[in-house]
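Accompanying notes for the structure given below.
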Amino acid sequence: MTDSKRASDALNEREKTIRPVRRSQIYLVSGLVLLLWAVLPFADDALIWFWPRYGAYYWNSWFVANDGLYFWFALYVVSALGLVALGACHLSRNSIRLFDRRTLLALLLIAAFGLVCCHFGRFSPRQQTVFWQVYITLVYLTAGLRFGYDFAPLGAAIIALTLIGYFTIPGVPLLPWMAAVNGGALIVGGFWMRRG
Amino acid sequence: MAELDDIIHQPLRLKIMAALNALPATAGLEFSRLKKLTGATDGNLGAHIETLAKAGYVSVEKAFVGKKPQTTVTATAAGRGAFARHVATLQEIIAGKQG
Amino acid sequence: MIDSRQASAALADIDDIVQRVKQSQLYELASLAAVWWGVLVFAANLVTWLWPIYAVYAWVAVDVLGVGGLIALRVFDPKSHPFGAGVGIRLFLIFALFFAFGYLVTNVVGHFGPRQLGTFWPIYFMLFYTLAGLWFGYAFVAIGLGITALTLFGFFYIGEAFPLWMAFVNGGGLILGGLWMRRI
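These protein sequence lines are chains A, B and C, in that order.
If you read the first sequence in UniProt numbering, its first letter stands for residue 1, the second for the next number, and so on.
If you read the second sequence in UniProt numbering, its first letter stands for residue 1, the second for the next number, and so on.
If you read the third sequence in UniProt numbering, its first letter stands for residue 1, the second for the next number, and so on.
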């Protein structure tokens, strides 16, 4: 009798604490993920724009572009590892998992598929920019749905603007365009989530 | 407090009713599938289905698919009602012991 | 009368069995879908191998028949699937998005050759199959990763007979995988 009371009390206590913690976790993760999504491409595009000499090389030469590509992958790998480390740290502090194994595996599979696509397509930097932008936007759109955010209009707008830029803006000026699209998306997306 | 349903209370019968209740109104489960889901043996499962059928909680249909006999078990409206009441009682027990 | 701990245990049992029923229904539906796509993909790959000129038509037909079949499965069998009604339209939209992105990658942004196309679509398809499996059941993961690995192997190491290889790996793999799922 006392046993079962204690058990159900403990259960209740857990229910009460888990809900807000889960919510804050979701905010934390989506915040980080937004950062990864928007700040990194923005920084990269802006960097190339403000150092035009390097930018022109980056843009025009496949060899240099490949170096740029490795730089990109390195950046993403470091960010991903950072997220994992943060998750592990969070886990040990609150004994709650920030990322479960499924999410990590899913992200790994999605990234691997993107790489395979790039390999098959022999994409130029310009095509890479558009491909990853559209691909990652679609991934966030679906992930957002899982957490109850309907990013569909925002996602559709990003994809449309990206494609418009791809077809109508020749050469390097595509980059500030993409930076603007990304930055705008970050701001709008942030407000969207606060409102939700 | 409402009484627990003695027929449903038995662990295997509880599982059978839970599985059938999870299906839409007119859908049933094949005997072999039910066996896999509940992890019961042939004889045991058969006996408990009969108990449930006698109480009017499930209906049993036998048909032949080719040369193989196939038994389909479906929860009746009475069975679904009884199961819902049983679950409500279980929840009452948990809630009642707290306060 | 029983105490609240036994009552909790009983409720946990109920939850467990409901979960298993839903899983088994999902597997049944998914296995039908997998076998259906397997047959279509096998046929289309054979056509691609035997009469390459007709390959384009064959694949368009497969896509239409395949998606149509899945939607028909949803529409005509509404009582036995674990999700609510109205899934048909959402399913259609998801497929539309799926094909739109695939088209964008292979024809608008990139310009994939036949061999790359033959590899891209199966592993693209299998990516979602595998991802779904992470949440719904590891049978999907096993089938998805297996077919992806064999497809990539074929892309890099099989020469002329690549469509034939794909007929067996992708078509045959889906059929076997679908049948295997029924046994779980």
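For glycine and all other residues, C-beta sits at the position ideal for the given N, C-alpha and C.
Asked: 8 Å Cβ cutoff, LEU45/B in contact with chain C; Found: no
Asked: SER124/A, DSSP secondary structure in three states; Found: coil
Asked: Of the listed residues GLY38/C, SER24/C and ALA44/C, nearest to LYS36/B (C-alpha basis); Found: SER24/C
Asked: Member of ALA167/C, ILE143/C, ILE2/C and ILE14/C whose CA lies at the smallest distance from the CA of THR119/C; Found: ALA167/C
Asked: Run of the alpha helix (DSSP H) containing THR41/B, from where it starts to where it stops; Found: Here THR41/B belongs to no alpha helix (DSSP H), and DSSP marks it neither H nor E.
Asked: Partners in chain B for ARG20/C, counting only beta-carbon separations shorter than 7 Å; Found: LEU37
Asked: Any C-beta of chain A under 8 Å from that of LEU150/C; Found: no
Asked: THR71/B (DSSP reduced to helix, strand or coil); Found: strand
Asked: TRP37/C Cβ short of 7 Å to the ligand ADP heavy atom set; Found: By its list of ligands, the structure shown contains no ligand whatsoever, and the ligand ADP lies outside what it can speak to.
Asked: Pairwise C-alpha distance: LEU145/C and THR142/A; Found: 21 Å
Asked: C-alpha distance - ALA142/C paired with LEU29/B, whole-angstrom precision; Found: 27 Å
Asked: Three CB pairs or more closer than 8 Å across the stretch 10 to 18 of chain C and the stretch 8 to 21 of chain B; Found: yes
Asked: C-alpha gap between LEU134/C and LYS54/B, whole angstroms; Found: 42 Å
Asked: TYR57/C, buried or exposed, once every other Cβ within 10 Å from all chains shown has been counted against 16; Found: exposed
Asked: Whole-Å CB distance - GLY178/C paired with VAL35/C, under 8 Å assumed; Found: 4 Å
Asked: Beta-carbon proximity check, THR106/C vs PHE112/C, cutoff 8 Å; Found: yes
Asked: Local conformation of ALA161/C per DSSP, three classes; Found: coil
Asked: Start and end residues, alpha helix (DSSP H) containing PHE42/C; Found: 4 to 50
Asked: Contact set between the stretch 95 to 117 of chain C and chain A, restricted to residues whose Cβ is under 7 Å from the partner; Found: PHE101, LEU104, VAL105, VAL109, GLY110, PHE112 and GLN116
Asked: Beta bridge counterpart(s) of PHE120/C as assigned by DSSP; Found: PHE120/C pairs with nothing; no bridge assigned.
Asked: Which of helix, strand or coil DSSP assigns to ALA63/B; Found: strand
Asked: Limits of the unbroken alpha helix (DSSP H) element including ALA152/A; Found: 152 to 168
Asked: Length of the line joining the Cα atoms of THR129/A and LEU117/C; Found: 21 Å
Asked: Per-residue contacts from SER8/C into chain B (C-beta, under 7 Å); Found: ILE94
Asked: Chain-ordered neighbours of SER24/C on chain B, where CB pairs are closer than 8 Å; Found: ARG33, LYS36 and LEU37
Asked: Own chain partners of LEU138/A with C-beta closer than 8 Å, once the 5 adjacent residues on each side are dropped; Found: GLY155 and ILE159
Asked: Partners in chain E for LEU46/C, counting only beta-carbon separations shorter than 7 Å; Found: In the structure shown, chain E does not exist; the protein chains are A, B and C.
Asked: Any chain A beta carbon closer than 8 Å to PHE120/C; Found: yes
Asked: Contact under 8 Å by Cβ, VAL134/A with LEU104/C; Found: yes
Asked: Where VAL87/B meets chain C, residues with beta-carbon distance less than 9 Å; Found: ALA10, LEU11 and ILE14
Asked: Sequence-distant residues of the same chain with beta carbon closer than 6 Å to ALA132/C, five excluded per side; Found: PHE140
Asked: Where ILE17/C meets chain B, residues with beta-carbon distance less than 8 Å; Found: LYS15, ALA18, ALA19, ALA22, LEU37 and THR38
Asked: Per-residue contacts from VAL130/A into chain C (C-beta, under 8 Å); Found: VAL109
Asked: Bridge partner(s) assigned by DSSP for LEU29/B; Found: VAL73/B
Asked: Cα-Cα separation, LEU186/A to THR162/A; Found: 14 Å
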